[in-house]
Amino acid sequence: MDKELKQFIKSVKEIKLSKDDKSQIKHILQSNIFNNPANAGRPVSAEVQARHIGHDLPVGGHDWSKQSKNKLAFLNWNLAMFKKPMPIFLMLALLISGGLSASAENALPTDVLYPVKTHINERVRGWLAVSHESEADWQAQLMGRRLNEAEKLASEGILDADTQAELESDFQTHAEKAEKNIALGDVRAGAEINSKIESSLDAHEKILDELRTRGKNKIEISPLLLKVKTHAERASNGRNNLEQKLNNEANIQANVRANIEVAADNKLNEAQNKIDQTRELINDLKRSTDNEAIVEAQTQLRLADQVIYDGKMKMEAKEYGQAFILFQKAHRIAQEAKLILKARRELKLNVKAEMENESENEDESNHPIRDIFRPKGGAKIELEI
Amino acid sequence: MKTLEEKFIQSYDQFSDAIFRHCYFRVHNPDIAKDLMQDAFTKTWQYLVDGGEIDNIRAFLYKTATNLIIDLSRKKQTISLDTLEESGFEPGYDTRKDIDNNIEVKRILKVIDKLDDAYRDVVIMRYVDDLPPKEIARIIGESENNVSVRIHRGLNKLKELLKDNG
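Residue numbers (the working numbering), protein chains in the order written: chain A, 1 to 385; chain B, 1 to 166.
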């Protein structure tokens, strides 16, 4: 075999999963094996059991690898770790389910399964975040979870001051961890995660504002709302800075430009997917949601379509950095529309959406494509409730 | 003697990169390729859970992955990275540093894309994944003789392409 061919084959062999990815997927498969053993009733091997359960659960120093394979050994958990006592029958239900509790996933701070959600489910899922980027993304998801919980309680008028303080504190912790990991990770990933945080917090800001307007838990919501606004702005600034950095690098370095071309292509697919998902949600909700909300969401999606079109023009002009920024923008618009629709359905709210206006916080000279972001005629689009 | 779980995880350690590559060269998107690879292993485990027996897990994984790729191309949709619950975000971003930051990968993809599917698969399996022709024949459902001929022709074609693409 000639030298060139040998070199080519050697290069092809280098195309493989990163260590983080390989490890992450391995954990997922091991978790699947634990929950879905090959022979029902036969205990899984000690190694898999120990690997799945891990060593940092607050179980008072158990060494699971030596533990009896009797699943009822879970009863040795220190009950003090729960803020509220867990009835034995619920613990048995958790054991029988063999792992993460699906029923705990929707628990609120006032529910008895809430500690299972935060101390077990979320912790186990956190183990899968082995890179800075995936950790940042997970922390961002946890920010959204705490806000969802606050909103559900507030929509029923039962968000008390203590619970609000705890949720606000947790939200702050997750926000700080997300920011820290974004700073340690890849520039493009950081721009993407900031973008997603921004669209999520923008939607939550509107939801919380609507709840406050209705007079539900007004006093408790206000400090949380302020925190959400602060972090939304931080995410927006972070995103702008990183996008600018990415764009500059793409203009200077050929290899970065090539990579951003691929990234822009992938971002286009993600944005289109998000738009399609939101359209499906609109179709599902047409009968149960008022017409104005549907029209508003459709308007948002039309804007997202337009931004995608503009992004494609940039791709053709080989301006991949700007194309990436535009596709990310389209994703944000569709994401916010989707979150607001879901809030309308789940919390029975009428939440207004606004076009994203980027002129308030940015330097005009840094964004030659700014005009595309402004709604036509310069006015905010606001539908009456 | 190893348990079934241990053997399965060992097969993941051994073959995950090869299955990932197999998917990546078809779909060109590392995240989708990762999903497909994970799905291939998950489905294989489920087959075992359901009582199926596998005498050659590598061949089984390749076939499963290929079927998933075909399903995907029929549906014409991207597979979501839906490993985590959505509470406002898409599931986790991965670094992709090993692929996206390597300019050589683009060159490799350019060359590989020009190979016919039939040649590409057998050449990669033979020279990158080090599978013997007999096993390749099992995976793709052809005779060993046909596979050997295809490998030979595919290799010649690859040499020409490398000359043209420097």
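Glycine included, every Cβ here is placed at the ideal spot set by N, Cα and C.
What you are looking at is a predicted structure, and each value in this text was computed from that prediction instead of being measured.
Rank B:R21, B:E6, B:D13, B:I9 by C-alpha distance to the C-alpha of A:S11 and give the top, closest one.
Checking every option, the nearest Cα to that of A:S11 belongs to B:R21.
Can you pull the chain B neighbours of A:L326, defined as C-beta to C-beta under 8 Å?
At a C-beta separation below 8 Å, A:L326 has no neighbours in chain B, since its nearest C-beta there lies roughly 18 Å away.
Out of A:Q306, A:T118, A:K338, which one is the CA nearest neighbour of A:E296?
Looking only at A:Q306, A:T118, A:K338, the smallest Cα-Cα distance to A:E296 is reached by A:K338.
Let's test the definition: count the other Cβ atoms within 10 Å of the Cβ of A:S236 and tell me whether it reaches 16, buried, or not, exposed.
It is buried - the Cβ of A:S236 has at least 16 other Cβ atoms within 10 Å.
Where A:T118 falls: helix, strand or coil (DSSP)
Three-state result, A:T118: helix.
Spatial neighbours of A:E336 within its chain, please: C-beta separation below 6 Å, excluding the five flanking residues on both sides.
Within the same chain, A:E336 has close Cβ partners S199, D202, A203.
Can you list, in chain order, the residues of its chain with a C-beta nearer than 6 Å to that of A:A178? Leave out the 5 residues immediately preceding and following it.
Correct list, in chain order: A136, Q139, A140.
Does DSSP put B:D168 in a helix, in a strand, or in coil?
No answer is possible for residue 168 of chain B: the residues shown for chain B start at 1 and end at 166.
Taking Cβ-Cβ distances shorter than 7 Å, what residues in chain B pair up with A:V187?
For A:V187, there are no C-beta contacts with chain B under 7 Å, since the nearest C-beta of that chain is about 11 Å from it.
Simplified DSSP assignment, three categories, for A:G126
Reduced to three states, the DSSP call for A:G126 is helix.
Contacting positions in the stretch 9-22 of chain A - beta carbon closer than 8 Å to chain B
Here the close residues are I9, S11, V12, K13, E14, I15, K16, L17, S18, D20, D21, K22.
At 4 residues or longer, what runs of the alpha helix (DSSP H) sit wholly inside the stretch 199-283 of chain A?
If we require 4 residues or more, the alpha helix (DSSP H) runs fully inside the stretch 199-283 of chain A come out as 218-252.
Run down chain D in chain order and give the residues with a C-beta less than 7 Å from the C-beta of B:K106.
Protein chains A and B are contained in the structure displayed, whereas chain D is not.
Exposure of A:A161, with buried meaning 16 or more beta-carbon neighbours within 10 Å
By the Cβ-count criterion, A:A161 is exposed, with fewer than 16 other Cβ atoms from all chains shown falling within 10 Å of its own Cβ.
7 Å Cβ cutoff met for B:E144 and B:P132
Pairing B:E144 with B:P132 gives a Cβ-Cβ distance that is not under 7 Å.
Rank A:S134, A:L153, A:N259 by C-alpha distance to the C-alpha of A:N106 and give the top, closest one.
Minimum Cα distance to A:N106 is reached at A:L153.
Report back the beta-carbon spacing between A:E220 and A:Q164 to the nearest angstrom; my notes put them in contact at under 8 Å.
That belief holds up - the Cβ atoms of A:E220 and A:Q164 are roughly 4 Å apart, short of 8 Å.
Determine which residues of the stretch 13-36 of chain B have a Cβ less than 8 Å from any Cβ of chain A, and write them out in chain order.
The residues in question are D13, S16, D17, F20, R21, Y24, N29, D31, K34.
Integer-rounded CB distance, given that A:G321 should sit under 8 Å from A:N251:
Confirmed, Cβ separation roughly 7 Å.
Within 10 angstroms of its Cβ, does B:S73 collect 16 or more other Cβ (buried), or is it exposed?
Exposed is the call here.
Consider the Cβ of B:S87: report whether some Cβ of chain A lies at a distance smaller than 7 Å.
The pLDDT assigned to B:S87 is 34, lower than 50, so where the model puts this residue is not dependable, and the model offers no usable value.
Please state the DSSP three-state secondary structure of A:A317.
The answer is coil: DSSP assigns A:A317 none of H, G, I, E or B.
Start and end residues, alpha helix (DSSP H) containing A:R287
Bounds of any alpha helix (DSSP H) do not take in A:R287, whose DSSP letter is neither H nor E.
Please tell me whether A:I282 has its Cβ less than 7 Å away from any Cβ of chain B.
Not one chain B Cβ lies under 7 Å of A:I282.
Enumerate in chain order the residues of its own chain whose CB-to-CB distance from A:H62 is below 6 Å, with the five nearest sequence positions on each side excluded.
Any reading at A:H62 must be qualified, since the residue scores a pLDDT of 34, below 50, and its modelled position is unreliable; the value itself is stated next. For A:H62, where only same-chain residues beyond five positions count, there are no Cβ hits under 6 Å.
Should A:G378 go down as buried or exposed, given a rule of 16 or more other Cβ atoms within 10 Å for buried?
Here A:G378 scores only 36 on pLDDT, less than 50, and its place in the model is too uncertain to base an answer on.
In its own chain, which residues sit with a C-beta less than 7 Å from the C-beta of B:D121, not counting the 5 before and 5 after it?
Contacts found: I140.
Kindly list, in the order they appear in chain A, the residues whose Cβ is closer than 7 Å to that of B:Q38.
At a C-beta separation below 7 Å, B:Q38 has these neighbours in chain A: I25, I28.
Going by DSSP, what residue range makes up the alpha helix (DSSP H) through A:K3?
From DSSP, the alpha helix (DSSP H) with A:K3 extends over 3-13.
Once you ignore the five residues that flank B:Y62 on each side, which residues in its own chain have a CB closer than 6 Å to its CB?
The residues I139, in chain order, have a CB closer than 6 Å to that of B:Y62 in the same chain once the five nearest residues on each side in sequence are set aside.
I'd like to know if A:A38 contacts chain B, where contact means its C-beta is closer than 7 Å to some C-beta of that chain.
Between A:A38 and chain B, the shortest Cβ-Cβ separation is below 7 Å.
Below 8 Å on the Cβ atoms is my guess for B:V123 versus B:L161; work out the distance and round it to an integer in Å.
Actually they do not touch by this definition, with Cβ atoms about 11 Å apart.
Coarse secondary structure for B:T3, derived from DSSP in three states:
Residue state, collapsed to three classes: coil.
Does the CB of A:I432 have a neighbour CB from chain B at under 7 Å?
Given a span of 1 to 385 for chain A in the structure shown, any question on residue 432 of chain A remains unanswerable.
Alpha carbons only, please: which of A:L167, A:E133, A:S131 is nearest the one belonging to A:L108?
Nearest C-alpha to A:L108: A:L167.
To the nearest angstrom, how far is it from the Cα of B:R153 to the Cα of B:D116?
Their backbone Cα atoms lie some 11 Å apart in a straight line.
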